[in-house]
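Going by numbering that gives the first Met the number 0, 221 is the number at position 222 of the sequence shown; the sequence numbering is gapless.
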Amino acid sequence: MPEALNPWSSAQAIDTRRLFDDFGIEPIDPLLDLLPEVPAFMRRGIIIGQREYRPIALAIREQRPFHVLTGFMPSGHPHLGHLLVMREVVWHVSQGGHGMITIADREAHAVRGLSWEDCDRYGREYLTALFALGYRGEAYFQSKNQALKDLAFEAATKVNFSELQAIYGFEPETTLAHAMSVITQVADILFPQVASGPAPTIVPVGLDQDPHIRLTRDVASGLRFFLVEDRGDHVSVRAKNAPEGGIRAVARALSGSRAYGGHVDVRGMTYEAVSDIVREVERDLGGFGFYAPSATYHTFMPGLLGGKMSSSVPDSSFGFSEAPETVRKKILRAVTGGRPTLEEQQRLGGEPDRCTIYELNRFHMCDDDAELAEIRRRCLNGEITCGACKKETVNRVFAFLADFRERMDEVEHLAAEV
Ligand code: TRP
Ligand code: SF4
Numbered sequence: 000m001p002e003a004l005n006p007w008s009s010a011q012a013i014d015t016r017r018l019f020d021d022f023g024i025e026p027i028d029p030l031l032d033l034l035p036e037v038p039a040f041m042r043r044g045i046i047i048g049q050r051e052y053r054p055i056a057l058a059i060r061e062q063r064p065f066h067v068l069t070g071f072m073p074s075g076h077p078h079l080g081h082l083l084v085m086r087e088v089v090w091h092v093s094q095g096g097h098g099m100i101t102i103a104d105r106e107a108h109a110v111r112g113l114s115w116e117d118c119d120r121y122g123r124e125y126l127t128a129l130f131a132l133g134y135r136g137e138a139y140f141q142s143k144n145q146a147l148k149d150l151a152f153e154a155a156t157k158v159n160f161s162e163l164q165a166i167y168g169f170e171p172e173t174t175l176a177h178a179m180s181v182i183t184q185v186a187d188i189l190f191p192q193v194a195s196g197p198a199p200t201i202v203p204v205g206l207d208q209d210p211h212i213r214l215t216r217d218v219a220s221g222l223r224f225f226l227v228e229d230r231g232d233h234v235s236v237r238a239k240n241a242p243e244g245g246i247r248a249v250a251r252a253l254s255g256s257r258a259y260g261g262h263v264d265v266r267g268m269t270y271e272a273v274s275d276i277v278r279e280v281e282r283d284l285g286g287f288g289f290y291a292p293s294a295t296y297h298t299f300m301p302g303l304l305g306g307k308m309s310s311s312v313p314d315s316s317f318g319f320s321e322a323p324e325t326v327r328k329k330i331l332r333a334v335t336g337g338r339p340t341l342e343e344q345q346r347l348g349g350e351p352d353r354c355t356i357y358e359l360n361r362f363h364m365c366d367d368d369a370e371l372a373e374i375r376r377r378c379l380n381g382e383i384t385c386g387a388c389k390k391e392t393v394n395r396v397f398a399f400l401a402d403f404r405e406r407m408d409e410v411e412h413l414a415a416e417v
């Protein structure tokens, strides 16, 4: 059976339906009502899926603690394709999340062969962009975080080679460093809960990263001492990898519970209340008490040339520090949903849903829904030519970049300190 996703492949069509049907990713729309404020990227179907986002939405709503973590592989300059995840993190921090960013230099070195110097240089560019977008929170480089590497080793006790083969299609030729970069990412995702205490953790990623999320959820559960289960009329706690006396400690902490050999039954308490107490007991006994991480999955903005957006195709996107003239040229050359002749454009209208310029506006350059609707309307009615539409988009991009660059200059020192 071929694996559903390979996070390191550069050319692949993601089978979204299969991810939903076979791997249990769920739509995000039904949860949006829980949020006090719904950002454009959630309103517009850019984020299409989630795993266990409900606890995050509730934490936002009820102002309870949660972590937000994501990572960037520093294999080149940050560009348009990275902007969405950056904005997702910034938004979750603005909603009360405790932020953590990992620069995946181990992955860039192991999988892409980048030198440590390049990883450092590019990594700081990502951090500068994040801080300029308003990110306030913690950040680290994988290779420089000893506690992370210790956690990766602990996580590695729960993963074997046949799992890596099944999940990622690893082969006998796959280097050990590649496998180590995978387990480092697992540790990244759990790290906020080790550094700052257990709490629900949201990991905003692209759909291609789902294998890492699934593996991490398995590891998080594998490292738990206890399993708490809702049995309808009671809640049951079982010892999994608990040390001697673990289940007795749980029974003592849950007043009114009944202990049987390897498990404890509690009546009259909610699943959540029992889970919280069990988590504390686990921490007292030296365990992690992890919550399984949650994730949101976004779709990918197409490259300006129509195909996949990629650092290896320079004209498919633009970097945040590229010269305005270069950026203008790239936008003017972009593939649109326009018709071959002016007459047809006026008669039939353009096709915004097949247009990279429209996508650029929908993703990033036009957060105002009314304004986006107006772009769409004029396009569909044939009221505007693609040339004019592109010029308007260039103006929006220039305004965005001018402001962004000014902010990047202001926060460069923050990135240098990480
Ligand atoms: N593998 C991710 C990428 O290729 C980078 C990454 C490393 C990451 N650690 C992470 C993403 C933790 C999310 C969470 O971009
Ligand atoms: Fe795209 Fe604008 Fe042309 Fe419509 S008018 S196809 S949105 S460039």
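Beta carbons: idealized from backbone N, C-alpha and C, even for Gly.
In this text the structure is predicted, and so the values were computed from the model without any measurement.
Collapsed DSSP secondary structure at residue i in the structure displayed
i, result
"E228", "strand"
"A398", "helix"
"G318", "strand"
"R237", "strand"
"D119", "helix"
"D217", "helix"
"H108", "helix"
"F152", "helix"
"P210", "helix"
"C354", "coil"
"P339", "coil"
"L113", "coil"
"V92", "helix"
"Y125", "helix"
"D275", "helix"
"E87", "helix"
"R223", "coil"
"I383", "coil"
"E360", "Looking at the sequence shown, residue 360 is not Glu but Asn. Three-state DSSP puts N360 in a helix."
"P171", "coil"
"S161", "helix"
"Q62", "coil"
Bridge partners - residue i, DSSP secondary structure assignment
i, result
"T101", "G70 and Y139"
"G48", "P26 and Y296"
"A258", "V263"
"I330", "In the DSSP output, where bridge partners are listed per residue, I330 has none listed."
"I201", "V67 and S293"
"H78", "G318"
Spatial neighbours of residue i in its chain, beta-carbon cut-off 6 Å, leaving aside the 5 residues before and after
i, result
"R63", "none"
"R111", "S74"
"A198", "P64, F65 and H66"
"M72", "A103, E106 and A107"
Close-in-space but distant-in-sequence residues of the same chain around residue i (CB under 7 Å, 5 per side omitted)
i, result
"H108", "W115 and C118"
"F397", "P323"
"A414", "R123, L126, T127 and F130"
"I182", "A151, A154, A155 and V158"
"D314", "L303, L304, K329 and R332"
"H233", "D264, V265 and R266"
"T392", "I330, I356, L359, N360 and M364"
Any non-hydrogen atom of the ligand SAH closer than 6 Å to residue i Cβ
i, result
"G336", "Because the ligand SAH does not appear in the structure shown, any question about it cannot be addressed here, the ligands present being the ligand TRP and the ligand SF4."
Residue i at chain D interface by Cβ criterion, 7 Å
i, result
"K328", "Protein chains in the displayed structure number just one, and chain D is not present."
Residue i beta carbon near the ligand SF4 (any heavy atom closer than 6 Å)
i, result
"P301", "no"
"Y357", "yes"
"C365", "no"
"I55", "no"
"I383", "yes"
"G349", "yes"
"C354", "yes"
Contact test: residue i Cβ vs the ligand TRP heavy atom, cutoff 6 Å
i, result
"I188", "yes"
"T15", "no"
"Q184", "yes"
"M308", "no"
"T173", "no"
"M179", "no"
"G48", "no"
Sequence-distant residues of the same chain with beta carbon closer than 8 Å to residue i, five excluded per side
i, result
"V37", "L31"
"R395", "N360, M364 and C365"
Checklist entry - Between the segment 69-84 and the segment 318-330, do at least 3 Cβ pairs fall closer than 8 Å? => result yes
Item to check | Inter-stretch contact (C-beta, 8 Å, three-pair minimum) for the segment 323-331 and the segment 394-402 | outcome: yes
Item to check | At least three beta-carbon pairs within less than 8 Å, the segment 145-160 to the segment 183-196 | outcome: yes
Next on the checklist: For the segment 286-303 against the segment 348-364, do three or more pairs of beta-carbon atoms, one drawn from each stretch, fall closer than 8 Å, so that the two count as touching?
Outcome noted: yes
Checklist entry - Are at least three pairs of beta-carbons, each pair with one atom in the segment 221-238 and one in the segment 250-269, less than 8 Å apart? => result yes
Item to check | Given 8 Å, three or more beta-carbon pairs between the segment 44-58 and the segment 22-36 | outcome: yes
Next on the checklist: Count Cβ pairs between the segment 168-185 and the segment 38-45 that sit closer than 8 Å; are there 3 or more?
Outcome noted: no
Checklist entry - Are the segment 375-384 and the segment 338-351 touching, with three or more C-beta to C-beta distances below 8 Å? => result yes
Checklist entry - Can we say the segment 198-206 touches the segment 81-94, given the rule of at least three CB pairs closer than 8 Å? => result yes
Item to check | Touch test, the segment 272-289 against the segment 251-258, Cβ-Cβ under 8 Å, three pairs minimum | outcome: yes
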